[in-house]
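Down below is the structure, laid out as structure tokens.
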Amino acid sequence: MKLVLDVLLMLLGALLGIAANYATNQTDHVPWPLRLLRDWSVPLVAVVVLLLVAGQVWMHFLERPVAITRTWNSSQPPYPGLEAFTEDDAGVFFGRDREIRDLVGRLNPSAPAGAHRFVAVIGPSGSGKSSLVRAGLLPALGRRRGLWVIAPPFAPGAAPLVSFASSLAAVLPDTTVEQVQTELTQGAAGVRRCLDRLRTARGGRAAPVLLVVDQLEELLTLTGARDRGAFLSLIDESLAADPHLWVVATLRSDFLTDFLGTGYAALTHQPTLVGVLGRTELFEVIEKPAEQAGLSFAPGVVARMVDDTGGGDALPLLAYTLQQLFLRVGSGGTVTEHDYRRLGAVAGALSDQADRITADLRRVDADTPVLSTLLKFVTLEHGEPTRRRVHREDLTPEERTVTDAFVTGRLLTSDNAVLDVAHEALFRQWAPLRQAVAASTDKLRRRTELERWAQDWERSGRQDAIC
33 MKLVLDVLLM
43 LLGALLGIAA
53 NYATNQTDHV
63 PWPLRLLRDW
73 SVPLVAVVVL
83 LLVAGQVWMH
93 FLERPVAITR
103 TWNSSQPPYP
113 GLEAFTEDDA
123 GVFFGRDREI
133 RDLVGRLNPS
143 APAGAHRFVA
153 VIGPSGSGKS
163 SLVRAGLLPA
173 LGRRRGLWVI
183 APPFAPGAAP
193 LVSFASSLAA
203 VLPDTTVEQV
213 QTELTQGAAG
223 VRRCLDRLRT
233 ARGGRAAPVL
243 LVVDQLEELL
253 TLTGARDRGA
263 FLSLIDESLA
273 ADPHLWVVAT
283 LRSDFLTDFL
293 GTGYAALTHQ
303 PTLVGVLGRT
313 ELFEVIEKPA
323 EQAGLSFAPG
333 VVARMVDDTG
343 GGDALPLLAY
353 TLQQLFLRVG
363 SGGTVTEHDY
373 RRLGAVAGAL
383 SDQADRITAD
393 LRRVDADTPV
403 LSTLLKFVTL
413 EHGEPTRRRV
423 HREDLTPEER
433 TVTDAFVTGR
443 LLTSDNAVLD
453 VAHEALFRQW
463 APLRQAVAAS
473 TDKLRRRTEL
483 ERWAQDWERS
493 GRQDAIC
């Protein structure tokens with residue numbers, strides 16, 4: 033549409049020139065084709081102007097976002113706690129309007145041909161990168177009149193190609209994960225076939241397709257070198273082969289240097305950076321979701337919470353504190369200074385909850401393996417603890433008792449029998465676990481290395497040696 037408008041604009045300039053030339057230079061000695069053009073130039077100018085106006089109106093209609101209607105499912109807390117916001121939480125996601133506009137602008141450039149279509153969203157742990165993409169960007173794209181085909185977000189995990197295939201299979205009609213995996217073995221051509229089928233199913237053969245890779249750092253912490261290279265190569269080649277493919281990936285800033293050493297540093301050019309929230313945005317994060325839920329705060333409480341929220345893990349801790357306060361007070365209630373302090377404030381809410389869960393477990397059985405179980409969710413990268421997913425079937429009955437309690441306490445999450453920490457802040461903010469990680473550094477590092485070697489050996493066809 034933009035190209036058509038540019039052509040019409042050039043045509044309008046030519047017609048205006050012709051009309052002006054013959055208006056100031058009247059002569060009858062003109063070849064009949066030029067005379068015909070002279071006689072019709074003014075009506076044609078009017079027609080072209082009308083087409084330009086209509087085209088601009090249509091472009092505005094396509095690009096204009098739908099007026100935002102914030103809705104919230106009252107059966108859920110308006111604060112997600114340690115978990116990332118999802119698209120279902122868009123109605124209570126506040127504080128990142130500027131970043132959302134920036135991302136939407138990146139994905140809708142005025143000159144698409146020269147756009148860098150791998151958009152890396154980079155920020156420190158706890159800055160809200162996943163929430164920005166899931167609850168900010170994706171709903172914003174969905175509100176635009178122009179059609180976007182969006183595959184479900186996925187984290188690479190230990191087998192990124194399987195995760196990629198699972199994401200596509202979830203939206204491709206009558207297609208299994210195994211069938212998509214077979215297509216992916218054909219490289220960029222196989223990805224293009226999958227995406228073209230997806231476009232056809234969604235009614236837009238030329239529609240842009242968006243892939244969302246959440247927690248890209250898992251390629252460095254959970255994925256073996258062979259699988260990491262295969263996945264990044266496939267993404268890079270697919271972007272080159274399909275001009276309507278876009279990828280948005282979130283990446284922890286402390287893993288950027290390592291990612292630049294993978295051979296695919298060019299992917300992270302022109303990143304969108306996510307920093308800490310300012311005071312104004314923190315007030316929005318606290319007060320706006322509360323308005324949706326009919327929750328109120330006593331005078332001075334919100335300002336105290338903002339003062340208590342600094343950098344580092346403070347944002348996820350604030351979100352967890354707000355969730356716990358809502359669960360205690362309820363919709364229509366009022367949070368007082370006493371409620372806030374009794375919970376432990378921003379700094380202590382998570383630790384107090386972990387302490388209570390542990391005390392309850394050990395009241396039943398003093399030998400409950402709390403810390404040893406939680407260490408199964410930790411992997412080390414450059415000495416820093418990061419998340420590691422655990423299959424429920426790999427746990428003993430005693431360990432499952434621990435994980436069930438922490439899932440109930442919203443410090444772990446469970447999805448299709450796969451368990452994960454709700455946020456890595458648990459590793460750093462709960463003193464007993466932080467100390468256990470420090471004491472087990474060598475053991476955790478050896479386990480991480482063995483798991484990567486095992487993955488590479490498995491992918492290599494279980495050869496006796498890996499070269």
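Numbering (this note's numbering), first residue to last: 33 to 499.
C-beta: ideal position from N, C-alpha, C; glycine also.
Computed from a prediction, not measured in an experiment: that's the story for all the values here.
Burial state of residue i, where buried means 16 or more other Cβ atoms lie within 10 Å
| i | result |
| --- | --- |
| Thr282 | buried |
| His455 | buried |
| Gly127 | buried |
| Arg388 | exposed |
| Asp339 | exposed |
| Gln108 | exposed |
| Leu292 | exposed |
| Lys475 | exposed |
| Ser142 | exposed |
| Arg360 | exposed |
| Leu305 | exposed |
| Thr400 | buried |
| Ser363 | exposed |
| Arg478 | exposed |
| Thr473 | exposed |
| Arg225 | exposed |
| Pro240 | buried |
| Ile498 | Note that Ile498 scores 47 on pLDDT, short of 50, meaning its location in the model is unreliable and no value can be drawn from it. |
| Gln467 | exposed |
| Thr208 | exposed |
| Glu131 | buried |
| Trp485 | exposed |
| Ala99 | Bear in mind that a pLDDT of 45 at Ala99, under 50, signals an unreliable position, so the number given afterwards is only what the model happens to contain. The residue in question, Ala99, is exposed, as its Cβ has fewer than 16 Cβ neighbours within 10 Å. |
| Arg166 | buried |
| Pro321 | buried |
| Ala398 | exposed |
Proximity winner among the options, relative to residue i (alpha-carbon distances)
| i | options | result |
| --- | --- | --- |
| Glu313 | Ser472, Ser159, Pro205 | Ser159 |
| Pro348 | Arg373, Val308, Asn448, Gly364 | Val308 |
| Ile182 | Leu204, Arg394, Leu465, Tyr352 | Leu204 |
| Glu481 | Thr400, Thr300, Gly256, Ile154 | Gly256 |
| Val396 | Ala386, Thr433, Gln385 | Thr433 |
| Leu271 | Tyr296, Ser472, Leu288 | Tyr296 |
| Pro110 | Ser199, Ala468, Ala233, Gln356 | Gln356 |
| Ile267 | Arg229, Leu354, Phe196, Ala202 | Phe196 |
| Gly261 | Ile154, Gly219, Ser199 | Gly219 |
| Asn105 | Asp290, Ala457, Ala325, Glu483 | Ala325 |
| Glu119 | His148, Arg175, Leu407 | Arg175 |
| Leu375 | Lys408, Met337, Asp345 | Met337 |
| Asp345 | Pro331, Thr353, Gln461 | Gln461 |
| Ala457 | Ser383, Leu230, Asp129 | Ser383 |
| Pro275 | Gln302, Phe150, Leu465, Ser199 | Phe150 |
| Phe27 | Glu210, Gly380, Ala238, Ser446 | Nothing can be reported for residue 27: it is not among the residues displayed for the chain, which extend from 33 to 499. |
| Thr341 | Gly310, Glu416, Glu323, His301 | Gly310 |
Short Cβ contact (8 angstroms threshold) for residue i with residue j
| i | j | result |
| --- | --- | --- |
| Val333 | Tyr372 | yes |
| Leu193 | Asp134 | no |
| Leu179 | Gly113 | no |
| Leu173 | Leu227 | no |
| Glu431 | Thr411 | no |
| Val402 | Thr418 | no |
| Leu327 | Phe358 | yes |
| Ser157 | Ala116 | no |
| Val378 | Leu350 | yes |
| Leu299 | Ala152 | yes |
| Leu169 | Val136 | yes |
| Val469 | Leu427 | no |
| Gly155 | Ser285 | yes |
| Ala330 | Glu369 | yes |
| Ala386 | Leu444 | no |
| Ala202 | Pro184 | yes |
heavy atom of the ligand SAM below 7 angstroms from residue i C-beta
| i | result |
| --- | --- |
| Ser383 | In the structure shown, the ligand SAM is absent, as is every other ligand, since no ligand is present at all. |
Practice prompt. Scan the region 391-457 and note each continuous beta strand (DSSP E) run of 3 residues or more that stays entirely inside, going in chain order.
Written response: Counting only runs of 3 or more, we get 410-413, 416-419, 444-447, 450-453.
Worksheet entry | Continuous alpha helix (DSSP H) assignments of at least 4 residues falling wholly in the region 251-309 | The qualifying runs are 257-273, 288-292.
Fill in: Completely contained beta strand (DSSP E) runs for the region 150-234, where each covers 3 or more residues
Taking only runs of at least 3 residues, the beta strand (DSSP E) segments lying wholly in the region 150-234 are 150-155.
Worksheet item: Between the region 183-195 and the region 239-258, are three or more C-beta pairs nearer than 8 angstroms?
Response: The region 183-195 is in contact with the region 239-258.
Discussion item. Closer than 8 angstroms is the cut-off here; do at least three beta carbon pairs connect the region 274-281 with the region 234-245?
Written reply: Remark: three or more beta-carbon pairs, one from each stretch, lie closer than 8 angstroms, so the region 274-281 and the region 234-245 are flagged as touching.
Practice prompt. Count the CB pairs spanning the region 209-219 and the region 109-127 that are closer than 8 angstroms, and state whether there are at least three.
Written response: Inter-segment contact for the region 209-219 and the region 109-127 is absent: fewer than three beta-carbon pairs are separated by less than 8 angstroms.
Worksheet item: On the three-pair Cβ rule with 8 angstroms, is the region 421-436 touching the region 444-452?
Response: A contact exists between the region 421-436 and the region 444-452.
Worksheet item: Where in the region 332-386 do unbroken runs of the alpha helix (DSSP H), each at least 4 residues long, occur, reported from the N-terminal end onward?
Response: Here the runs fully enclosed are 333-340, 346-361, 369-375.
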